[in-house]
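One structure is given below, encoded as structure tokens.
Protein chains: 2
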Amino acid sequence: MLDVAILGLLMDRDHHGYEIRSQLRERLGDSESVSFGSIYPALARLERHGLVEAVAPAAPRSPAISTGSLAGERASLRTLRTSAGLGRRSRKVYRITERGRQEFHALLADPTTVDDGRTFSLRVALARYLTPALRVRLLERRRQDLLERLAEVRQGADNPDLDAYARSVMSHAAHSVELDLEWIDDLLSIERSDSETFAQEAK
Amino acid sequence: MLDVAILGLLMDRDHHGYEIRSQLRERLGDSESVSFGSIYPALARLERHGLVEAVAPAAPRSPAISTGSLAGERASLRTLRTSAGLGRRSRKVYRITERGRQEFHALLADPTTVDDGRTFSLRVALARYLTPALRVRLLERRRQDLLERLAEVRQGADNPDLDAYARSVMSHAAHSVELDLEWIDDLLSIERSDSETFAQEAK
DNA sequence: ACGTCGATATATCGAAGTGATATGATGAAA
DNA sequence: TTTCATCATATCACTTCGATATATCGACGT
């Protein structure tokens with residue numbers, strides 16, 4: 268899951284570890300922040316597998332300071348640290364590789380992994396990288412799972428064995444799943460109207 | 268988190284590992300099932316710490332078959348397996364200890380741990396074991412967290428840098444948090460009206 | 001009577017994630 | 001000028017996950 272998230276962010280542009288954490292919340296809507304204890308090992312892992320690569324510390328806003336040699340890079344690193352706005356501790360910036368892009372598409376579309384709320388939201392947030400057909404499949408798969416879950420929690424909400432608090436949890440879970448279902452149905456109807464528009468244009 | 272959940276279930280009655288998993292979903296509303304790979308180690312850990320203890324395989328529905336000796340227990344185990352309804356592989360039933368009860372209350376009320384959606388729901392499902400004051404504190408703490416989260420996701424929903432899918436995720440997250448807040452406000456108003464009733468009765 | 005499927009049940013293993021902690025630089029405020 | 005908040009990487013012990021192995025029983029079809 269984290270792999271897809273990181274690769275997805277890197278599809279857009281290069282990032283360093285610390286930034287990935289905030290982007291995960293801001294762009295991919297991750298509610299419970301992923302800890303640094305998973306991000307840095309994940310980045311190391313992805314690099315080991317050749318899916319991402321460390322970029323030589325990029326030139327700061329002010330262009331053309333260093334252009335390549337090892338000594339030059341070291342100098343630019345020092346420059347980077349003290350130069351306007353971009354200081355802080357030296358960043359390790361990562362770029363996605365071609366193999367990384369392939370793996371990203373494969374992971375994102377993989378139908379064998381069952382989505383929980385978190386991975387599903389992640390996938391939707393990255394849905395522009397899926398084909399329309401794969402998007403619909405993703406949404407309909409989740410829809411089925413939620414319908415099953417809805418039946419479960421509704422039963423719990425009516426279970427007289429449970430005390431008022433437990434029943435309240437169940438009943439709120441039911442409302443929450445209902446809201447999720449409405450969302451998915453909205454997304455599905457958008458997908459369908461988009462494909463209609465497409466069909467009409469082709470006509 | 269899993270510790271509180273297991274202890275909470277054992278407060279009610281004895282359970283074996285397999286059963287705990289289903290009860291977690293049915294009684295405590297846990298959406299993403301906890302795997303056996305965490306339940307059995309957790310049970311072993313709790314036993315090591317003296318918070319739970321393994322019970323001699325309980326007598327089946329039909330009462331009074333064995334009453335104590337080692338030989339008797341072994342016999343009852345065999346009986347258990349082949350007797351009506353309760354067969355299957357031999358179960359390992361756990362009971363909560365006195366120290367376990369103390370620890371349960373401490374963990375449930377612990378204000379230092381920050382609740383995510385899962386642990387919060389768990390705590391509410393077990394809220395009957397909290398005092399009214401601790402219940403209100405739990406609810407208000409979560410309310411604050413959600414208000415902050417709401418501001419974040421609303422910003423994301425309006426962020427023109429994001430594509431329609433990512434914005435949709437953010438906007439749905441906002442609606443979801445709003446629903447959570449309504450739930451919490453309901454629970455809070457119930458707590459308050461309960462304490463009023465209580466005050467009036469005392470009068 | 002036979003096989004085999006699905007549910008019940010415990011257990012273990014490697015890989016991944018968490019939460020805490022260490023380290024240190026920088027900019028802003030007190 | 002010290003000190004505080006934020007930025008940034010890293011590691012550690014412990015917990016959790018997902019897959020897999022093992023085994024028993026009831027039900028179902030053939």
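Protein chains in written order, with the working numbering: chain A, 268 to 470; chain B, 268 to 470.
Glycine included, every Cβ here is placed at the ideal spot set by N, Cα and C.
- Message: Can you tell me which residues form a DSSP beta bridge with I363 (chain B)?
- Response: As a first step, residue 363 (chain B) is located in the second sequence; it is residue number 96 there, counting from the start. Per DSSP, B:V319.
- Item | Sequence-distant residues of the same chain with beta carbon closer than 8 angstroms to I451 (chain B), five excluded per side | Residue mapping note: residue 451 (chain B) aligns to position 184 of the second sequence, counting from 1. Residues L406, R409, R410, L413 of the same chain have their beta carbon placed closer than 8 angstroms to that of I451 (chain B), with the five preceding and five following residues left out of the count.
- Answer yes or no: does any C-beta atom of chain A fall closer than 8 angstroms to that of G367 (chain B)? Translated into the one-based positions of the second sequence, residue 367 (chain B) becomes position 100. Output row for G367 (chain B): interface = no.
- By how many angstroms is the C-alpha of H439 (chain B) removed from the C-alpha of S435 (chain A)? As a working note, residue 435 (chain A) is residue 168 in the first sequence. As a working note, residue 439 (chain B) is residue 172 in the second sequence. Between the alpha carbons of S435 (chain A) and H439 (chain B) lies a distance of about 22 angstroms.
- Task: Consult DSSP for L347 (chain A) and reduce its assignment to one of helix, strand or coil.
- Result: Working through the first sequence from its first residue, we reach residue 347 (chain A) at position 80. Legend: pLDDT at L347 (chain A) = 39, less than 50; position of this residue unreliable, no value from coordinates given.
- At a Cβ threshold of 8 angstroms, is R294 (chain B) touching chain A? As a first step, residue 294 (chain B) must be located in the second sequence, where it is residue number 27. Answer yes: the Cβ-Cβ gap between R294 (chain B) and chain A drops below 8 angstroms somewhere.
- Query: Going along chain A in order, which residues have a C-beta closer than 7 angstroms to the C-beta of R280 (chain B)?
  - Reply: Position 13 of the second sequence, counted from the start, is the residue given in the question as residue 280 (chain B). Here the premise fails: no neighbours, minimum Cβ distance about 11 angstroms.
- alpha helix (DSSP H) segments (min. 4 residues) lying fully within the stretch 376-408 of chain B: Under the rule that a run must span 4 or more residues, the alpha helix (DSSP H) segments found entirely inside the stretch 376-408 of chain B read 384-392.
- Cβ separation of R402 (chain B) and E449 (chain B), assumed to be a contact under 8 angstroms, to the nearest whole Å: In the second sequence, residue 402 (chain B) corresponds to position 135, counting from 1. In the second sequence, residue 449 (chain B) corresponds to position 182, counting from 1. Not really, about 18 angstroms apart at Cβ, beyond 8 angstroms.
- Closer than 8 angstroms at the beta carbon, the chain B residues around M437 (chain A): Numbered from its first residue, the first sequence carries residue 437 (chain A) at position 170. Taking the beta carbon of M437 (chain A) as reference, the chain B residues within 8 angstroms of it are G296, listed in sequence order.
- Message: At a threshold of 7 angstroms, does L417 (chain B) count as lining the ligand SAH (C-beta to nearest heavy atom)?
- Response: This structure lacks the ligand SAH, and indeed carries no ligand of any kind.
- Item | Beta-carbon separation (whole angstroms), I306 (chain B) vs R288 (chain B), contact threshold 8 angstroms | Locating residue 306 (chain B) in the second sequence gives position 39, where the first residue counts as 1. Locating residue 288 (chain B) in the second sequence gives position 21, where the first residue counts as 1. Going by Cβ atoms, the distance from I306 (chain B) to R288 (chain B) rounds to 6 angstroms, so yes, they are a contact pair.
- Query: Using a Cβ-Cβ distance under 8 angstroms, would D461 (chain A) count as near chain B?
  - Reply: Taking the first residue of the first sequence as position 1, residue 461 (chain A) is located at position 194. Chain B contact via Cβ: absent.
- Message: Using 8 angstroms as the cut-off, can you tell me whether the stretch 272-280 of chain B makes contact with the stretch 360-375 of chain B, which would need three or more C-beta pairs spanning the two stretches below that distance?
- Response: Yes: at least three Cβ pairs fall under 8 angstroms.
- Item | Interface positions of the stretch 365-398 of chain A facing chain B (Cβ-Cβ less than 8 angstroms), listed along the chain | Flagged, chain order: D383, G384, S388, V391, A392, L393, A394, R395.
- Going along the stretch 410-423 of chain A in order, which residues come within less than 9 angstroms of chain B, judged by CB to CB distance? Hits within the stretch, in order: R416, E419, V420, Q422, G423.
- Task: Anything in chain A within Cβ reach of H442 (chain B), meaning under 7 angstroms, just list it in chain order.
- Result: Taking the second sequence and counting its residues from 1, the one referred to as residue 442 (chain B) is at position 175. In chain order: L446.
- Message: In the DSSP assignment, the alpha helix (DSSP H) including D302 (chain B) goes from what residue to what residue?
- Response: Working through the second sequence from its first residue, we reach residue 302 (chain B) at position 35. The sequence given here places Ser at residue 302 (chain B); Asp does not occur at that position. S302 (chain B) -> no alpha helix (DSSP H), and no H or E assigned at all.
- Message: Can you tell me whether F303 (chain B) is buried or exposed? The criterion is at least 16 other CB atoms within 10 Å of its CB, across all chains shown.
- Response: As a first step, residue 303 (chain B) must be located in the second sequence, where it is residue number 36. Looking at its Cβ environment, which holds fewer than 16 other Cβ atoms inside 10 Å, F303 (chain B) is exposed.
- Message: Please state the DSSP three-state secondary structure of E340 (chain A).
- Response: By one-based count along the first sequence, residue 340 (chain A) stands at place 73. Note on E340 (chain A): pLDDT 39, under 50, position unreliable in the model; no value is reported.
- Task: Ignore the nearest five residues each way along the sequence and tell me which others in Q290 (chain A)'s own chain have a CB closer than 8 angstroms to its CB.
- Result: What you label residue 290 (chain A) is simply residue 23 of the first sequence in a count that begins at 1. Beyond the five residues adjoining it in sequence on each side, Q290 (chain A) comes within less than 8 angstroms, by CB distance, of L276, H282 in the same chain, given in chain order.
- Spatial neighbours of E370 (chain A) in its chain, beta-carbon cut-off 6 angstroms, leaving aside the 5 residues before and after: To locate residue 370 (chain A), count along the first sequence from 1; it is residue 103. Excluding residues within five positions, the ones whose Cβ falls inside 6 angstroms are L318.
- Item | Short CB-CB distance (under 8 angstroms) between Y432 (chain B) and chain A | As a first step, residue 432 (chain B) is located in the second sequence; it is residue number 165 there, counting from the start. At a cut-off of 8 angstroms between C-beta atoms, Y432 (chain B) counts as an interface residue with respect to chain A.
- Query: Any beta-carbon of chain B closer than 8 angstroms to the one on E299 (chain A)?
  - Reply: Within the first sequence, residue 299 (chain A) is the residue found at index 32, counting from 1. Yes, contact with chain B.
- Query: What is the DSSP secondary structure of L277 (chain B), reduced to helix, strand or coil?
  - Reply: By 1-based counting over the second sequence, the position of residue 277 (chain B) is 10. Of the three classes helix, strand and coil, the one that applies to L277 (chain B) here is helix, per DSSP.
- Query: Any Cβ of chain A within less than 8 angstroms of the Cβ of L277 (chain B)?
  - Reply: To locate residue 277 (chain B), count along the second sequence from 1; it is residue 10. False, the Cβ-Cβ gap to chain A never drops below 8 angstroms.
- Going by CA-CA distance only, name the one from B:R385, B:G367, B:A323 that's closest to K359 (chain B). Locating residue 359 (chain B) in the second sequence gives position 92, counting from the first residue. Selected option, being the one with the closest Cα: B:A323.
- Can you check whether the CB of S443 (chain A) is closer than 8 angstroms to the CB of S443 (chain B)? Here residue 443 (chain B) corresponds to residue number 176 of the second sequence, with the count starting at 1. Here residue 443 (chain A) corresponds to residue number 176 of the first sequence, with the count starting at 1. S443 (chain B) places its beta carbon less than 8 angstroms from that of S443 (chain A).
- Message: Closest to R315 (chain B) by C-alpha separation, out of B:D279, B:G296, B:Y361, B:D453, would be which residue?
- Response: Locating residue 315 (chain B) in the second sequence gives position 48, counting from the first residue. R315 (chain B) has its Cα closest to that of B:Y361, out of B:D279, B:G296, B:Y361, B:D453.
- Query: Taking the Cβ atom as the reference point for each residue, do D430 (chain A) and R395 (chain B) lie within a distance shorter than 8 angstroms?
  - Reply: What you label residue 430 (chain A) is simply residue 163 of the first sequence in a count that begins at 1. What you label residue 395 (chain B) is simply residue 128 of the second sequence in a count that begins at 1. A contact, by the Cβ cut-off of 8 angstroms.
- Message: Less than 8 angstroms between the beta carbons of D383 (chain A) and R390 (chain A), yes or no?
- Response: Taking the first residue of the first sequence as 1, we reach residue 383 (chain A) at position 116. Taking the first residue of the first sequence as 1, we reach residue 390 (chain A) at position 123. No; because the gap between Cβ atoms is not below 8 angstroms, this pair is not in contact.
- Message: Measuring alpha carbon to alpha carbon, tell me which residue in B:E320, B:T379, B:S456, B:L393 is nearest R366 (chain B).
- Response: In the second sequence, residue 366 (chain B) corresponds to position 99, counting from 1. Of the residues B:E320, B:T379, B:S456, B:L393, the one whose Cα lies closest to the Cα of R366 (chain B) is B:E320.
- Identity of the residue in B:Y432, B:S388, B:V271, B:R280 nearest A309 (chain B) by Cα: Counted from its first residue, the second sequence places residue 309 (chain B) at position 42. Selected option, being the one with the closest Cα: B:V271.
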